[in-house]
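Going by the numbering used here, the first residue of the sequence shown is number 113, and it counts up by one from there. I have placed the structure first, in the form of structure tokens, so that the comments after it can refer back to it.
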Amino acid sequence: MSSIHRFAIRQFLRYSRITRGLTLGVRAVVFDGDRVFLVRHSYVPGWYFPGGGVEPGETAVEALTRELEEETGLLPEGVPELFGLYLNRSLSTRDHVALFVCRNWTRVREPVVPNVEILECGFFPIAALPEGTTEATRRRLAEIRGEMDRSPDW
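So this is what it looks like as structure tokens:
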């Protein structure tokens with residue numbers, strides 16, 4: 113491959129990142145029997161699965177592990193199961209969420225709450241989720257439990 117060709121490819125990739133950049137987030141559905149771990153953030157209303165953004169140079173599993181430890185004090189044992197990849201149209205047409213299921217985990221510390229990001233967190237019975245649990249969170253649980261078909265949208 114010529115140096116001109118390599119230069120043209122690099123320029124196209126730079127242009128693509130600017131004009132077609134995507135964001136990728138990760139969320140963890142952490143089960144403890146018939147309970148699921150949820151967090152309530154300081155910057156948005158409702159209860160969600162723990163997670164956050166994937167940083168440059170980080171794999172989705174690395175981001176998930178980092179976010180879980182930061183937000184919950186939990187670490188997945190082994191590689192979490194990738195359940196689905198969703199487009200989060202409510203934020204932008206470029207935001208994607210990778211949803212992982214964690215059935216095996218270890219507590220490395222108690223969560224530090226409240227803090228700047230997380231106001232409350234903990235395990236909740238799936239049959240009695242806290243008031244304010246988001247519809248997307250409820251739908252993902254129903255999908256995982258086989259109670260509804262998977263959607264491509266968050």
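Cβ coordinates follow ideal geometry from the N, Cα and C atoms, glycine included.
CB of residue i within 8 Å of CB of residue j, strictly
| i | j | result |
| --- | --- | --- |
| residue 233 | residue 141 | no |
| residue 161 | residue 178 | no |
| residue 137 | residue 228 | no |
Helix, strand or coil at residue i [DSSP, three-state]
| i | result |
| --- | --- |
| residue 193 | strand |
| residue 171 | coil |
| residue 128 | Because the pLDDT of residue 128 is 49, which lies under 50, any placement of that residue in the model is unreliable, and the number read from its coordinates should be weighed accordingly. Reduced to three states, the DSSP call for residue 128 is helix. |
| residue 253 | helix |
Residue i classed as buried or exposed, judged by whether at least 16 other C-beta atoms fall within 10 angstroms
| i | result |
| --- | --- |
| residue 155 | exposed |
| residue 224 | exposed |
| residue 186 | buried |
| residue 197 | exposed |
| residue 249 | buried |
| residue 119 | exposed |
| residue 269 | As displayed, the chain neither begins before 113 nor continues past 266, which places residue 269 out of reach and without an answer. |
| residue 192 | buried |
Extent of the continuous beta strand (DSSP E) to which residue i belongs
| i | result |
| --- | --- |
| residue 232 | 230-237 |
| residue 219 | 217-219 |
| residue 240 | That residue, residue 240, is in no beta strand (DSSP E); it is neither H nor E in DSSP. |
Minimum Cβ-Cβ distance from residue i to chain C less than 8 Å
| i | result |
| --- | --- |
| residue 169 | Considering every chain present, this structure includes no chain C. It has just one protein chain. |
Indicate whether the contact test is met: 3 or more Cβ pairs, each with one atom in the stretch 226-244 and one in the stretch 147-158, closer than 8 Å.
yes
Given 8 Å as the limit, is there contact between the stretch 164-175 and the stretch 246-262, that is, 3 or more CB pairs closer than that?
no
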